[in-house]
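Report on one structure; see the data block that follows.
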Amino acid sequence: MNNDSSTTTDKFVNILWEATAAYREQNKTRPQPEVIVNALLQAETSAKKQHLTYNFDSLVGQWRLCFATGTKKAQKRGGIILGKGWYVPQFTKIYISFSSGSTEDVNRGEVGNQVQLGSFLLKLTGPAKYLGKKNLLAFDFTQMYIHVFGRKIYQQNIRSGKVNYEDFYSQSIAKQAFFAFFIVTQDFIAARGRGGGLALWIRESSL
Numbered sequence: 078m079n080n081d082s083s084t085t086t087d088k089f090v091n092i093l094w095e096a097t098a099a100y101r102e103q104n105k106t107r108p109q110p111e112v113i114v115n116a117l118l119q120a121e122t123s124a125k126k127q128h129l130t131y132n133f134d135s136l137v138g139q140w141r142l143c144f145a146t147g148t149k150k151a152q153k154r155g156g157i158i159l160g161k162g163w164y165v166p167q168f169t170k171i172y173i174s175f176s177s178g179s180t181e182d183v184n185r186g187e188v189g190n191q192v193q194l195g196s197f198l199l200k201l202t203g204p205a206k207y208l209g210k211k212n213l214l215a216f217d218f219t220q221m222y223i224h225v226f227g228r229k230i231y232q233q234n235i236r237s238g239k240v241n242y243e244d245f246y247s248q249s250i251a252k253q254a255f256f257a258f259f260i261v262t263q264d265f266i267a268a269r270g271r272g273g274g275l276a277l278w279i280r281e282s283s284l
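So the sequence shown is residues 78 to 284, counted in my numbering.
Structural data, given as C-alpha cells:
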C-alpha cells in the first residue's frame, strides 16, 4: 500500500495539514476556502498520477467533517462544476465512521453517518464495501436512530428494511452511493462523492 509519506513534501498536503490543525484547534486563522479546494484538487490529481492505493483498515475509525464543497450543474455540456467550499461550523458536529465487518472479507464492513446539534443526535448506519484498487467505498444506509441527551428515543429501518446486507453486496457499485478517496493519513482523509463534491474529514479521536 502506498501512503501519504510519498507526498508529504507537496505544498497541497501542507495546506490540508494546516487547515485541519486550525479547525481542530478552533483557530480563526485558516486557509481560505478557495485555497483548500485547490489543494484538494491537486491531491486528487496527484493520487491518480501516482496510482496511490489505500486499504480499508486505514479508513476504520470515526471522522469529523471539516470542509466540503457543493456542486452545481454546468450550463454547458451537461456536466457539473464545484460550488464554493465551506468550513463546517464548530457547533455542528457531522461524523462519518467505518468499522470492519465480522466476515473474512477485509473489504466489507459498516458505515455510520451522524449529525449532532446540542443534545440532539441523528445517526444512519448500514453496510459498506471497499474496492481497494480504485479507493472506492460504496455504502448504503439501512437503519436510522435518534438520540436526545444520550438516550435513544427512535429506531427505524430505512425503506422499510427492503435493502439488506446481502442485497447490497450483490449490487453493482454503479447503482450505489460511494466516496472515492484520494488522500488518507492518520489525521485526515479526503474524498470525492458520487455527486462530484469534495469532502475533508479529521480523525475524531484527535479532537
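The beta-carbon is built from N, C-alpha and C at its ideal position, and this holds for glycine as well. Note that the coordinates shown come from a computational prediction; the quantities given were computed from them, not determined experimentally.
Out of the options, point me to the one whose CA is closest to residue i's CA.
i      : options                        : result
Ser176 : Asp182, Val188, Val165, Lys170 : Val188
Ser247 : Phe144, Phe216, His224         : Phe216
Ser249 : Asn132, Val225, Leu118, Leu208 : Leu208
Lys211 : Leu194, Val137, Tyr131, Arg228 : Tyr131
Val192 : Gln167, Gly270, Val137         : Gln167
Asp244 : Ser135, Gly203, Asn91, Asn104  : Gly203
Arg101 : Phe226, Gly160, Phe144         : Phe144
Lys252 : Ala267, Leu129, Gly272, Thr262 : Gly272
Gln263 : Ile171, Gln139, Arg228         : Gln139
Phe89  : Val114, Ala268, His224, Gln103 : Val114
Leu275 : Lys105, Thr106, Lys126, Thr146 : Thr146
Leu277 : Ile173, His224, Phe226, Lys229 : Ile173
With DSSP as the reference, label residue i as helix, strand or coil.
i      : result
Tyr131 : coil
Asn184 : coil
Ser176 : strand
Gln167 : coil
Lys126 : helix
Leu284 : For Leu284, the pLDDT reaches just 39, beneath the cut-off of 50, and the residue's location in the model is therefore unreliable, leaving the point undetermined.
Pro110 : helix
Lys88  : helix
Asn234 : strand
Phe245 : helix
Who are the near neighbours of residue i in its chain, counting only those whose CB is closer than 6 Å to its CB and skipping five residues on each side?
i      : result
Phe265 : Thr97, Ile279
Lys153 : Low confidence applies here, because Lys153 scores a pLDDT of 44, under 50, leaving its location unreliable; read the following figure in that light. For Lys153, where only same-chain residues beyond five positions count, there are no Cβ hits under 6 Å.
Ile235 : Phe218, Thr219, Met221
Leu136 : Phe175
Leu93  : Ala116
Leu201 : Asn190, Phe218, Met221
His224 : Leu198
Assuming residue i and residue j are in contact, meaning their beta carbons sit under 8 Å apart, how far apart are those beta carbons, in whole angstroms?
i      : j      : result
Pro108 : Gly162 : Their Cβ separation, rounded to whole angstroms, is 10 Å, which puts Pro108 and Gly162 out of contact at 8 Å.
Phe259 : Ala120 : 6 Å
Leu199 : Phe255 : Going by Cβ atoms, the distance from Leu199 to Phe255 rounds to 22 Å, so no, they are not a contact pair.
Asn190 : Lys206 : Not quite, the Cβ-Cβ distance comes to about 16 Å (not below 8 Å), so this is no contact.
Leu142 : Val165 : 5 Å
Short of 7 Å in beta carbon distance, which residues of its chain neighbour residue i, apart from the five on each side in sequence? Order them along the chain.
i      : result
Glu95  : Pro108
Asp87  : Ser123
Gly178 : Arg185, Gly186, Glu187
Ala268 : Phe256, Ala257, Phe258, Phe259, Ala276
Gln103 : Gln167
Gln233 : Met221
Identify, in the order they occur along the chain, each residue of the same chain with its Cβ nearer than 8 Å to the Cβ of residue i, setting aside the five sequence neighbours on each side.
i      : result
Gly155 : For Gly155, the predicted model reports a pLDDT of 47, less than 50, meaning its position is unreliable and no value from the coordinates is stated.
Please classify residue i: is it buried, with 16 or more other beta-carbons within 10 angstroms of its beta-carbon, or exposed?
i      : result
Asp196 : A small fix is needed here, since residue 196 is Ser in this sequence, not Asp. By the 10 Å Cβ count, Ser196 comes out exposed.
Glu181 : exposed
Tyr231 : exposed
Thr169 : exposed
Arg228 : exposed
Phe133 : buried
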